[in-house]
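For reference, each letter of the sequence shown is one residue, going 0 to 247 in numbering that gives the first Met the number 0. Read through the structure below, which is laid out as structure tokens, and then see the notes.
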Amino acid sequence: MKTVKITLAFAMLFIIFIAGCSKSTLKPDDGPEQEPVSAQRVRGAVFINNHVYPTITIGNREWTTENYHGDGGIIVPFIVVPPEQDTLVYGRLYTEAEAKAIVLPSGWRLPNSKDFIELLRREMPDYKRGANISPDVITRYMAKDRWQFTADGSNVTDFKAVAAGCYAENVLADTIHYGMGTMAVYLMVDTNTIENSYKRSIVIEKTDASSAIKMRDIMPVNLYSGSQVYNINNRYTLRFVRDKPKAN
């Protein structure tokens, strides 16, 4: 490789620039950088509680690509997009406790933040938690329909996010549904962190005709439950994931 000579001053500035750009927004317990995520996608299926769910293997992970609709949970209300409402498409919405009680095949689990980071690195190889995600990238994870204010979803990744909304408590502690047709809210559980610190959800949203398409991770906070930080009564869409099976 040809060697390029640069001045000491320029080298110093270059090092400072690189150091500044390499600062990560990930938490210390997010661990070391993962290997680059392969662009290869492999379709498959998994049998969960008497139903076959399609899957897609993206890089290091295999994901279900259909919202879970097994026993328990609450159905999505018949609003905004009837008569297209279909539980097999939108799934059911579950609390974290209900989600953790679901018996999964060996190796399968509820996703954590690292799983979603790896998923996002399929389209953004340098993604760090907290980084801005462009609408062009987000639409690659969105289904081509089932969104009220956009038809931009391309589903290039085959993740097929549909806007089923979520249930959350309001000021009166009533659990209400919102976001039908405008939000996809996926439960994300981090089990290796301090209680209540990183229990979050991944949200994809397009809230009205003039708003931008956004994707972010949030902590569902209930300001009306005293010292309780995490709202245990919120309900989410469920997807499952497992590490990519090793070849024999």
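Note that beta-carbon positions come from the ideal geometry of N, C-alpha and C, so glycine has one too. These numbers come from a predicted model, not from an experiment.
- Secondary structure at residue 99: helix, using DSSP grouped into helix, strand and coil.
- Check the Cα spacing between residue 176 and each of 183, 141, 167: the tightest is with 167.
- A straight-line Cα-Cα distance of about 7 Å links residue 141 and residue 158.
- The straight-line gap separating the alpha-carbon atoms of residue 116 and residue 139 is approximately 15 Å.
- If you look at residue 242, you'll find it isn't in any alpha helix (DSSP H); it sits in the beta strand (DSSP E) that goes 240 to 242.
- According to the DSSP assignment, residue 64 belongs to no alpha helix (DSSP H), since it is labelled neither H nor E.
- Within the region 107 to 162, complete alpha helix (DSSP H) segments of at least 4 residues are found at 112 to 119, 134 to 137, given in chain order.
- If you look at residue 54, you'll find it in the beta strand (DSSP E) that goes 50 to 57.
- Partner residues in a beta bridge of residue 75, as assigned by DSSP, do not exist.
- Here residue 68 is not near residue 43, since their CB atoms are 7 Å or more apart.
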